[in-house]
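Trainee: Numbering-wise (full-length UniProt numbering), the sequence shown opens with residue 1 and increments by one. For reference, the structure I am asking about is given below.
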Amino acid sequence: MATRNVVLTQQQEELVQALVASGRYQNASEALRAGLRLLEREEAAAHAIEDRLREGLAQAAAGDLAEGSGADAVRRAFAAARERRGA
1 MATRNVVLTQ
11 QQEELVQALV
21 ASGRYQNASE
31 ALRAGLRLLE
41 REEAAAHAIE
51 DRLREGLAQA
61 AAGDLAEGSG
71 ADAVRRAFAA
81 ARERRGA
């Protein structure tokens, strides 16, 4: 594993120490890796949203728009989701 030196604020240091003292994590490295895994998931979710937004903008630019008002489109989307779930 790579070794890194990081500078933490006092609040961050206290959090890491509290997590280790609680027994939830064996050491500071383990606690920080858990935080990085959460950040990784958050970044992946943000990228997925950006991808969907780009796709929607491309559809709109191509004229592939939903019929009716925004409220109508939302109702249709929810109805389609219910159908897919079999509700």
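Glycine included, C-beta positions come from ideal geometry on N, C-alpha and C.
Classify residue 74: buried if its beta carbon has 16 or more other beta carbons within 10 angstroms, exposed otherwise.
Mentor: So residue 74 ends up on the exposed side.
Trainee: Report the rounded CA-to-CA distance for residue 29 versus residue 46, giving the unit in angstroms.
Mentor: Cα to Cα, the separation comes out at about 25 angstroms.
Trainee: Can you tell me which of the three DSSP states residue 22 falls into?
Mentor: Residue 22 falls in the coil class under three-state DSSP.
Trainee: Compare the C-alpha of residue 5 against each of 38, 80, 32 and name the closest.
Mentor: The shortest C-alpha separation from residue 5 is found at 32.
Trainee: Measuring only the C-alpha atoms, how far is residue 52 from residue 80?
Mentor: Answer to the nearest angstrom: the Cα atoms are 18 angstroms apart.
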